[in-house]
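Notes to accompany the following structure.
Number of protein chains: 2
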Amino acid sequence: MATIEDVAKRAGLSRSTVSRVINHHPYVSEKKKKLVYDAMKELEYHPNSSAQRLRTQKTDTIAVLVPRLTNPFFPFLIEGLEMIAVEYGFQLLICQTHQDKEKELNFLNLLQTKQVDGLIFTSIENDWETIATYKECGPIILCNEYRSEATFPVVRLDQVKGSYLGTRHLIEKGHKKIAYCGGTASELGIDREKGFRKAINEFSLEVREEWVFRDPYSIDCGKRVLREIQVMEDRPTAIFTGSDEIAAGIIKQAKTLGVKIPEEIAVIGFDDQPIAELMEPTLTTIRQPIKEMGQKTMEVMLSMLNNPSGNEKQIIELPIQVISRESV
Amino acid sequence: MATIEDVAKRAGLSRSTVSRVINHHPYVSEKKKKLVYDAMKELEYHPNSSAQRLRTQKTDTIAVLVPRLTNPFFPFLIEGLEMIAVEYGFQLLICQTHQDKEKELNFLNLLQTKQVDGLIFTSIENDWETIATYKECGPIILCNEYRSEATFPVVRLDQVKGSYLGTRHLIEKGHKKIAYCGGTASELGIDREKGFRKAINEFSLEVREEWVFRDPYSIDCGKRVLREIQVMEDRPTAIFTGSDEIAAGIIKQAKTLGVKIPEEIAVIGFDDQPIAELMEPTLTTIRQPIKEMGQKTMEVMLSMLNNPSGNEKQIIELPIQVISRESV
DNA sequence: ATGAAAGCGCTAACAT
DNA sequence: ATGTTAGCGCTTTCAT
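Chains A and B supply the protein sequences, listed in that same order. Residue numbering for the first sequence follows the numbering used here, starting at 391 and increasing by one per position. Residue numbering for the second sequence follows the numbering used here, starting at 391 and increasing by one per position.
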């Protein structure tokens, strides 16, 4: 492997000049520039990125922690993040935590070992205390999931409002017995339940505790929930869910059991993923501006990188809306 | 940021000893080991990965080129790749080419700048000649997509057989007029068409050229294809597709147009993604052992890394099978 | 078992 | 406009 030294010799110049050419510095004569380029080509020279990183103390890389890529929500979010990152010459290091606390901690290590310049959480596994420890290690942003104790910037959607609107939509369609199936493990989940209950209370309805499912997250979870509901004495007539996957699972199971949707049970999803339009009936859902959230997040990250002092807490909230289709 | 030097001073030892502790070398007395660990903890020391990489000339990182993560096929493939990689202490750098030749070339650069130790293609945008150039830059493997001229190891599925089986399945269900909608841009596509035609010929059927669609890849493409078919005078009674997404698009559009599936038109997908079970009718499809393909690929990569001379061509083919559901 | 010293490949301050 | 030089933080021979 050719080094910068080799190129310098070959071009009959100093390492500095070669370095200047590589980094597009001004004040290099055209003549020598050409000499350098020729030498680089002949020697098939490519700068060693580890050396560059060591020297400059920058990696131009941002870590993005996601629970798993097989949940389509996250690829779409990454799409937004990457769009802005690439524009400014940054690359993403995508890290799947698989919902594992220890893995998450290991990824935080990337910041400490200077393998990345900044880190973005899109889901959070560990306690806030644990994560707060890393504040000094470099710019960190919470995107999508959040913690109110957070002292990092947060880019998120107004989950309370989202689930409030979704639930109100169900109520306006005449439903009075509504189940909640959104998850409450995270603060995001708690807020969703909050919005849900806000709508419920506003219309003086009641929620039976057995209609509240706080763990579901997948297609299979959705299926299971519907099976549980079907054996209840007093059944809800509508279900609010925390993702299109859960909703899809419910609908799928309903077909298997011969339960009519939305006549017997209405279902509302969350996310507006491609699957929402493909299901039969098509899925009424709550659209999150995922890509925009990604873009906004990366913009905040870049500004933190440019202005290291400006990492105070700030909360950016994006709008959310109900997309009415056939499942309600 | 504390450096190894700081730790050495603090522990009253040399940098070498600290380094030995970090890297779990033998022949360090327990006493000094403890001294080092204490110092590391007090100083919150974390080794700088750029320095380590520069020194060792290794990154323990493998680049994985995918067209896009929003196509669920690739997250599942990554699942398999990552499982093995993590086991052996490697991390993945996931790179989306977005089907862009230039981006693909830029990612190949990662190998030249020593930012990764090896690189895996899961799709190929550039000419083979162009890619062949990079052979000397480090271990490269083709996974999923392939080129017969390839001089790198290839891990793939038997596409000819897959589409042959799928098509035969349609024929055995009584179809004689079958459309092909699989893509032919890549060699993978060509092989699929080959398998398709093999089955067609075996049963002495005919394929009208207007029934052959070589470009489709997405849900929207599938919709478009069905619209085009519906305005034909002589319509096929079955469609072979190159992905569950395309098939899903066709089914969706069929509903919109009031076309009955499978009665008026049968559809077979490719991949067996979660969506295949959610559609109504459920999707008959060709299952690819995606995760296994990822695992196998990473095993080959690791063996290349351990044995740099062993990067000769080898082709590993995995089995494929038809999953019969309702859409045929 | 431990330390001294060289050097991985690069950039940037300083000097000219 | 170009060159000289120091040093980023680490590992690894070599010596003891």
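Don't be surprised by glycine CBs; every beta carbon is placed ideally from N, CA and C.
Identify the contact partners of residue i in chain B, using a Cβ-Cβ distance below 7 Å as the criterion.
i: residue 714 of chain A; result: Here the premise fails: no neighbours, minimum Cβ distance about 17 Å.
What residues of chain A sit near residue i, judged by a beta carbon separation below 8 Å?
i: residue 643 of chain B; result: Within chain A, no residue comes near residue 643 of chain B; the closest Cβ sits about 11 Å away, beyond 8 Å.
i: residue 438 of chain B; result: 444, 503 and 504
i: residue 665 of chain B; result: 665 and 668
Looking at C-alpha atoms only, which residue of the options is the closest neighbour of residue i?
i: residue 520 of chain A; options: A:541, A:508, A:533 and A:597; result: A:541
i: residue 458 of chain B; options: A:449, A:455 and A:470; result: A:470
i: residue 517 of chain B; options: B:536, B:417, B:503 and B:526; result: B:536
i: residue 485 of chain A; options: B:693, B:676, B:646 and B:476; result: B:476
i: residue 685 of chain A; options: A:392, A:473, A:635 and A:708; result: A:473
i: residue 428 of chain B; options: B:658, B:400, B:558 and B:670; result: B:400
i: residue 445 of chain B; options: B:409, B:610 and B:510; result: B:409
i: residue 682 of chain B; options: B:667, B:463, B:561 and B:495; result: B:463
i: residue 699 of chain A; options: A:441, A:526 and A:420; result: A:526
i: residue 643 of chain B; options: B:624, B:523, B:664 and B:669; result: B:669
i: residue 624 of chain B; options: B:599, B:557, B:695 and B:702; result: B:599
i: residue 611 of chain B; options: B:626, B:627, B:639 and B:649; result: B:639
Can you tell me the Cα-Cα spacing of residue i and residue j, whole angstroms?
i: residue 586 of chain A; j: residue 593 of chain A; result: 11 Å
i: residue 423 of chain A; j: residue 411 of chain A; result: 6 Å
i: residue 563 of chain A; j: residue 652 of chain A; result: 11 Å
i: residue 492 of chain B; j: residue 515 of chain B; result: 9 Å
i: residue 588 of chain B; j: residue 568 of chain A; result: 55 Å
i: residue 573 of chain B; j: residue 602 of chain A; result: 46 Å
i: residue 662 of chain A; j: residue 630 of chain A; result: 14 Å
i: residue 708 of chain B; j: residue 680 of chain B; result: 9 Å
i: residue 533 of chain A; j: residue 614 of chain B; result: 36 Å
i: residue 719 of chain B; j: residue 504 of chain A; result: In this structure chain B extends from 391 to 718, so residue 719 of chain B is not present and cannot be described.
i: residue 635 of chain A; j: residue 494 of chain B; result: 32 Å
i: residue 657 of chain A; j: residue 414 of chain B; result: 56 Å
i: residue 432 of chain A; j: residue 426 of chain A; result: 10 Å
i: residue 461 of chain B; j: residue 547 of chain B; result: 18 Å
i: residue 439 of chain B; j: residue 665 of chain B; result: 41 Å
i: residue 496 of chain B; j: residue 696 of chain B; result: 26 Å
i: residue 430 of chain A; j: residue 394 of chain A; result: 9 Å
i: residue 407 of chain A; j: residue 442 of chain A; result: 16 Å
i: residue 671 of chain B; j: residue 667 of chain A; result: 15 Å
i: residue 437 of chain B; j: residue 405 of chain B; result: 12 Å
i: residue 557 of chain B; j: residue 550 of chain B; result: 11 Å
i: residue 692 of chain A; j: residue 465 of chain A; result: 20 Å
i: residue 403 of chain B; j: residue 416 of chain B; result: 16 Å
Between residue i and the rest of its own chain, which residues show a CB-CB distance below 6 Å, the 5 nearest in sequence each way excluded?
i: residue 543 of chain B; result: 531, 690 and 704
i: residue 435 of chain A; result: 392 and 397
i: residue 513 of chain B; result: 457 and 535
i: residue 566 of chain A; result: 595
i: residue 509 of chain A; result: 453, 501 and 530
i: residue 637 of chain A; result: 631, 657, 659 and 673
i: residue 498 of chain B; result: 524
Just to confirm my understanding: we take residue i, look at its own chain, exclude 5 residues before and 5 after, and list those with CB closer than 8 Å. What are they?
i: residue 714 of chain A; result: 559 and 674
i: residue 506 of chain A; result: 449, 451, 452, 453, 483, 500 and 528
i: residue 687 of chain B; result: 470, 471, 510, 531, 533 and 545
i: residue 711 of chain B; result: 555, 676 and 677
i: residue 647 of chain B; result: 616, 617 and 620
Starting from the beta carbon of residue i, find every residue of chain A whose beta carbon is closer than 7 Å, and list them in chain order.
i: residue 483 of chain B; result: 483
i: residue 459 of chain B; result: 459, 465 and 468
i: residue 472 of chain B; result: 486
i: residue 441 of chain B; result: 444
Going along chain B in order, which residues have a C-beta closer than 8 Å to the C-beta of residue i?
i: residue 627 of chain A; result: Result: empty, since nearest Cβ-Cβ is about 22 Å, beyond 8 Å.
i: residue 487 of chain A; result: Here the premise fails: no neighbours, minimum Cβ distance about 12 Å.
i: residue 638 of chain A; result: 668
Sort out for me which residues DSSP pairs residue i with in a bridge.
i: residue 511 of chain A; result: A:455 and A:532
i: residue 486 of chain A; result: A:456
i: residue 546 of chain A; result: A:707
i: residue 481 of chain B; result: B:451
i: residue 677 of chain A; result: A:661 and A:711
i: residue 666 of chain B; result: Answer is none; residue 666 of chain B lacks a bridge partner.
i: residue 631 of chain B; result: B:571
i: residue 656 of chain B; result: B:628
i: residue 602 of chain A; result: A:570
Which residues of chain B have a Cβ atom closer than 9 Å to the Cβ of residue i, listed in chain order?
i: residue 398 of chain A; result: By Cβ distance, chain B contributes nothing, its closest Cβ being about 18 Å from residue 398 of chain A, past 9 Å.
i: residue 499 of chain A; result: 436
Less than 8 Å between the CB of residue i and some heavy atom of the ligand ADP, yes or no?
i: residue 450 of chain A; result: With respect to the ligand ADP, the structure shown offers nothing to examine, as it has no ligands at all.
Could you work out which residues of chain A lie near residue i, taking near to mean beta carbons separated by less than 9 Å?
i: residue 609 of chain B; result: 664, 667 and 668
Whose C-beta lies closer than 7 Å to the C-beta of residue i among residues of the same chain, with five residues either side of it excluded?
i: residue 571 of chain A; result: 603, 606, 615, 629, 630, 631, 632 and 636
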